[in-house]
Amino acid sequence: KMAEDNCIFCKIARGVIPSTTVYEDEDFRVILDLGPASKGHSLILPKKHFANVCELDAETAAKVLPLGAKIGAAMKKGLGCAGEAAGQTVMHFHMHVIPRYEGGPANIANWVPGTASAEELTEAAEKIKGCL
Ligand code: ZN
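Position in the sequence shown (first residue = 1) + 34 = my numbering.
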């Protein structure tokens with residue numbers, strides 16, 4: 035397929051392009067990001083091409099989170115990284131799913147918490163729920 039032939043992450047995941055690999059199995063390669071947000075910033079790359087989280091097959095999706103946990107545990111042990119210091123404000127596991135829009139903001143890594151009225155929250159929730 036064209037998308038896969040032109041995809042740099044496919045080439046890295048399959049070892050065609052070299053990378054600093056911290057973990058590899060038959061389904062994934064985990065590499066260090068070349069422009070890390072912090073020391074050890076890693077990318078979990080499925081060896082199969084999926085454009086985004088919406089396209090992941092169930093089998094791959096089921097394996098990503100345990101792998102992330104495994105890598106995270108190794109980071110805590112090997113790099114001495116923190117839990118609370120990471121900016122997590124509620125120490126109960128959660129995963130942000132942040133939609134991106136044309137026109138920005140371009141950088142959500144250091145996002146400034148916005149505001150939303152009860153009406154805006156309800157409206158957005160209804161639009162998402164209507165598509166589930
Ligand atoms: Zn790809």
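In this text, a Cβ means the ideal position worked out from N, Cα and C, and glycines have one as well. Here the structure is a predicted model, which is why all the values come from computation and not from measurement.
Checking the 7 Å criterion, the Cβ of Glu38 is within range of a heavy atom belonging to the ligand ZN. Residue selection by CB proximity (closer than 5 Å to any heavy atom of the ligand ZN) returns Cys41, Phe43, Cys44, His83 in chain order.
The criterion of a C-beta distance shorter than 8 Å is not satisfied by Ser151 and Ile105. When C-alpha distances from Asp39 are compared across Gly69, Ala85, Ala71, Ser72, the shortest belongs to Ala85. Runs of the beta strand (DSSP E) lying entirely within the segment 48-126, each at least 3 residues long, are 55-58, 62-66, 76-80 in chain order. Contact between the segment 141-149 and the segment 86-106 is absent: fewer than 3 CB-CB pairs across the two stretches fall below 8 Å. Taking a 10 Å sphere around the C-beta of Leu113, we find fewer than 16 other C-beta atoms and assign the residue as exposed.
When the Cα atoms are used, Glu160 and Pro133 turn out to be separated by approximately 15 Å.
Nearest C-alpha to Ala96 among Gly74, Gly138, Asp61: Asp61. For Thr156, the enclosing alpha helix (DSSP H) stretches over residues 152-163.
For Val98, the closest C-alpha among the options Pro139, Glu58, Leu166, Thr149 is that of Glu58.
Secondary structure of Glu38 (DSSP, three-state): helix.
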